[in-house]
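Chains as they are written, first to last, in full-length UniProt numbering: chain A, 1 to 346; chain G, 1 to 322.
The C-beta atom is built at its ideal place from N, Cα and C for all residues, glycine as well.
The model shown is predicted, which means the values in this text are computed figures rather than measured ones.
In what follows, a structure is listed as structure tokens, so that the remarks can point back to it.
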Ligand SMILES: Cc1ncc(C[n+]2csc(CCOP(=O)(O)OP(=O)(O)O)c2C)c(N)n1
Ligand SMILES: [Mg+2]
């Protein structure tokens, strides 16, 4: 097992995610992030601990509440923010936004918007990677995802085929408005156990505890012993999505939020780092985020004429909307200027 | 020359490609026993590249997406066409979008093989769909080979393509045999149609197994009208230029399509012809009816919803007269 990183490293990751999300909320308010976001504030300890336990070449499939995963894996905050603001400088050239990003340079292969299905994709990815080496795949999903058939099917496949995949459940107590106990008969860990997958339930608010549990699961996968599931109990302080700031939904009590705030991952980790070290980290993070916001907002907006780029690997004539003005000839003479072609720059 | 069956052509394409490219693997249900004759002999030759799956179509369709992202070229075999509707979301909304969403960082070269789509005599409502139009509509690359040679060439190209491709093999075509020399078998590019029978008076665009019915009808009408039969071979991308070149000469068009009428391939071809091509007469289409459901196991009911040769004859005669 790799050595657990220093306390200050976890603190820095959690602080970066926390402040990044707060900046994002500002950018949602100003209209620069048009989609809104699914903030992960309160859950940063899971992202920090899980990602620290991975090798840079391990592959992670994220989900809709994924900003923390990207930052914890080392995605460039400026390019990531440029993605959320729909700019060409974004990690996905502005094609993903907040909901579906990927950043292969940081080992994040995507975030399926179909809740739970990333687990099945990660299973296939882990299977493929294992044929050529000892990389491990990780799927991160919420408590809502464990009722999705494709996810349960992937538990079965991963266990049958001993795939090196770690299933990480961030159980934040709710799937949008549905309390986890109202959506999950039995338990998250019990569902994995039913498929012969070792599963544990672990405190997600303490990044060092998260790290230890995750490192054991990763070791197991890398050692050829197949999948495991770790359920991290955690909490989101914010609404499901920033739309909840405009729309009060009475699915939980303020007192409950306050109780969870007492186990804040930022505070837990701050207590382990000397104040002067913390202050230096905090100051550096503000600089990084100032630069990130500048980079994002200065990055050009995409050219609408490029909307079909990356749609296909091979040139396909795209008709309709912008691409074929009424009256355009059916037979293009080469790639004439009146036609746009779906083309990859990759 | 050997007689190559359509099913054998699929088997040969897959075997050849697995031989050539160690990243190709196949997964599906009962494929060890090659119930559809596609995977015959593969388990012996490539024991670790034949993945027998449990009945978890959504799970293994996504599994294929992940494996493809990880550098493999999965071929997923589905036993029945309705399974495609069960995994429609995984193909159209996930596999087909990851390249775009990642700004070109990942590719998803999965082939979805349907050995046996459309009407199976007596199999009734749930086992006889022909949903190729749905995939073309959603922008998933879709091919439908009519002949053994095309089955070999298009399946091979689908596997080599860097995007997801659905390969529809119409049930009535599976038993077809063709005199071919194996050395002539070659990949056929997606999006390139074929004039199967030249003619001057009317273009019949026929899809899948209906190509053979269209050729038979063209032969039957030979003394009366000169029919050109055009097989698009892939529905997305579609060979608009090839069709336009044919219609340019004949000035008349009939579409012969085994899909449902509403929003079907026939509708798209007619609309495009009306917008972009010079037509001497209003075009027509012969299709399954709106909302077609193949009924029961009485042949009279079954056949009532199949596009027929008689309907094609009538459509050709009407288009030529006007
Ligand atoms: C299959 C599917 N169903 C529903 C949705 C809409 N949706 C998006 S997020 C979400 C809740 C997910 O809850 P959970 O898995 O617990 O993750 P969390 O949002 O709590 O992080 C829902 C219902 C979806 N995207 N995909
Ligand atoms: Mg949740």
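May I have the straight-line CA-CA distance separating residue i from residue j, to the nearest angstrom?
| i | j | result |
| --- | --- | --- |
| residue 66 of chain G | residue 56 of chain A | 18 Å |
| residue 10 of chain G | residue 4 of chain G | 10 Å |
| residue 29 of chain G | residue 111 of chain G | 15 Å |
| residue 209 of chain A | residue 265 of chain A | 11 Å |
| residue 247 of chain A | residue 32 of chain A | 20 Å |
| residue 61 of chain G | residue 26 of chain G | 12 Å |
| residue 28 of chain A | residue 213 of chain G | 59 Å |
| residue 277 of chain G | residue 201 of chain G | 15 Å |
| residue 101 of chain A | residue 110 of chain A | 6 Å |
| residue 204 of chain A | residue 50 of chain G | 39 Å |
| residue 346 of chain A | residue 311 of chain A | Bear in mind that a pLDDT of 25 at residue 346 of chain A, under 50, signals an unreliable position, so the number given afterwards is only what the model happens to contain. Straight-line Cα distance between these residues: approximately 12 Å. |
| residue 339 of chain A | residue 315 of chain A | Annotation note: pLDDT 31 at residue 339 of chain A (below 50); position unreliable, coordinate value reported separately. Approximately 11 Å between the Cα atoms of the pair. |
| residue 54 of chain A | residue 146 of chain A | 23 Å |
| residue 317 of chain G | residue 72 of chain G | 50 Å |
| residue 7 of chain A | residue 46 of chain A | 14 Å |
| residue 192 of chain A | residue 274 of chain A | 40 Å |
| residue 125 of chain A | residue 158 of chain A | 11 Å |
| residue 332 of chain A | residue 175 of chain A | At residue 332 of chain A the pLDDT is 43, less than 50, meaning the model places this residue with poor confidence and gives no usable figure here. |
| residue 24 of chain G | residue 250 of chain A | 52 Å |
| residue 97 of chain G | residue 48 of chain G | 29 Å |
| residue 160 of chain A | residue 46 of chain G | 19 Å |
| residue 67 of chain A | residue 13 of chain A | 12 Å |
| residue 242 of chain A | residue 195 of chain G | 56 Å |
| residue 93 of chain G | residue 255 of chain A | 39 Å |
| residue 304 of chain G | residue 260 of chain G | 13 Å |
| residue 329 of chain A | residue 240 of chain G | Since pLDDT at residue 329 of chain A reaches only 43, below the 50 mark, its modelled position is unreliable, and the value read off the structure follows with that caveat. Straight-line Cα distance between these residues: approximately 11 Å. |
Based on Cα-Cα distance, which residue from the options lies nearest to residue i?
| i | options | result |
| --- | --- | --- |
| residue 50 of chain A | A:30, A:246, A:166, A:119 | A:166 |
| residue 340 of chain G | G:196, G:123, G:175, G:150 | This structure gives no information on residue 340 of chain G, because the portion of chain G shown stretches from 1 to 322. |
| residue 248 of chain G | G:273, G:234, G:262 | G:273 |
| residue 231 of chain A | A:187, A:294, A:183, A:150 | A:187 |
| residue 33 of chain G | G:61, G:20, G:77 | G:77 |
| residue 297 of chain G | G:217, G:124, G:282 | G:124 |
| residue 149 of chain A | A:184, A:138, A:137, A:178 | A:184 |
| residue 250 of chain G | G:280, G:260, G:238, G:262 | G:280 |
| residue 119 of chain G | G:136, G:158, G:171 | G:171 |
| residue 233 of chain G | G:155, G:262, G:308, G:314 | G:155 |
| residue 197 of chain A | A:2, A:261, A:163 | A:163 |
| residue 138 of chain G | G:289, G:268, G:205 | G:268 |
| residue 147 of chain G | G:220, G:161, G:160, G:178 | G:178 |
| residue 199 of chain A | A:128, A:20, A:155, A:21 | A:155 |
| residue 157 of chain G | G:300, G:113, G:265, G:304 | G:113 |
Determine the contact status of residue i and residue j, defining contact as a CB-CB distance below 8 Å.
| i | j | result |
| --- | --- | --- |
| residue 57 of chain G | residue 86 of chain G | yes |
| residue 197 of chain G | residue 215 of chain G | yes |
| residue 75 of chain A | residue 58 of chain A | no |
| residue 228 of chain A | residue 82 of chain A | no |
| residue 87 of chain A | residue 301 of chain A | yes |
| residue 367 of chain G | residue 117 of chain G | Outside the displayed range of chain G (1 to 322) lies residue 367 of chain G, so it cannot be described from this structure. |
| residue 103 of chain G | residue 92 of chain A | yes |
| residue 81 of chain G | residue 302 of chain G | no |
| residue 138 of chain A | residue 168 of chain A | yes |
| residue 292 of chain A | residue 39 of chain A | no |
| residue 116 of chain A | residue 84 of chain A | no |
| residue 206 of chain A | residue 180 of chain A | no |
List the residues of chain G that residue i touches, going by C-beta distances under 8 Å, in chain order.
| i | result |
| --- | --- |
| residue 63 of chain A | Correct list: empty, because the minimum Cβ distance to chain G is about 13 Å. |
| residue 93 of chain A | 103, 104 |
| residue 107 of chain A | Here the premise fails: no neighbours, minimum Cβ distance about 12 Å. |
| residue 110 of chain A | 69, 98, 101, 102, 106 |
| residue 60 of chain A | None at all; the shortest Cβ gap to chain G is about 12 Å. |
| residue 117 of chain A | 58, 62, 90, 94 |
Less than 8 Å between CB atoms is the rule here; does residue i satisfy it with respect to chain B?
| i | result |
| --- | --- |
| residue 312 of chain A | Absent from the structure: chain B. Protein chains present are A and G. |
Assuming residue i and residue j make a contact with CB atoms under 8 Å, what is their CB distance in whole Å?
| i | j | result |
| --- | --- | --- |
| residue 229 of chain G | residue 319 of chain G | Rounded, the Cβ-Cβ distance is 14 Å, inconsistent with contact. |
| residue 105 of chain A | residue 35 of chain A | About 23 Å; that fails the 8 Å criterion. |
| residue 140 of chain G | residue 190 of chain G | Their Cβ separation, rounded to whole angstroms, is 12 Å, which puts residue 140 of chain G and residue 190 of chain G out of contact at 8 Å. |
| residue 96 of chain A | residue 72 of chain A | Not confirmed; about 18 Å, so no contact. |
Show which residues of chain G have a CB atom less than 7 Å away from the CB atom of residue i.
| i | result |
| --- | --- |
| residue 123 of chain A | 63, 66 |
| residue 221 of chain A | Those within 7 Å of residue 221 of chain A in chain G number zero; the least Cβ separation is about 15 Å. |
| residue 129 of chain A | 70 |
| residue 38 of chain A | Ordered by position in chain G, no residue passes the 7 Å Cβ test against residue 38 of chain A, which lies about 16 Å from the chain. |
If the cut is a Cβ gap below 7 Å, which residues of chain A does residue i touch?
| i | result |
| --- | --- |
| residue 135 of chain G | Residues of chain A passing the Cβ test: none, with the nearest at roughly 14 Å. |
| residue 119 of chain G | Neighbours of residue 119 of chain G on chain A: none; closest Cβ ~29 Å, over 7 Å. |
Residue i touches chain A at which residues, Cβ-Cβ below 8 Å?
| i | result |
| --- | --- |
| residue 89 of chain G | 114 |
| residue 334 of chain G | In the structure as shown, chain G begins at 1 and stops at 322. Residue 334 of chain G is therefore absent and cannot be evaluated. |
Can you find a heavy atom of ligand 3 that lies under 7 Å from the Cβ of residue i?
| i | result |
| --- | --- |
| residue 142 of chain A | In the structure on display, ligand 3 does not appear, and the ligands it does have are ligand 1 and ligand 2. |
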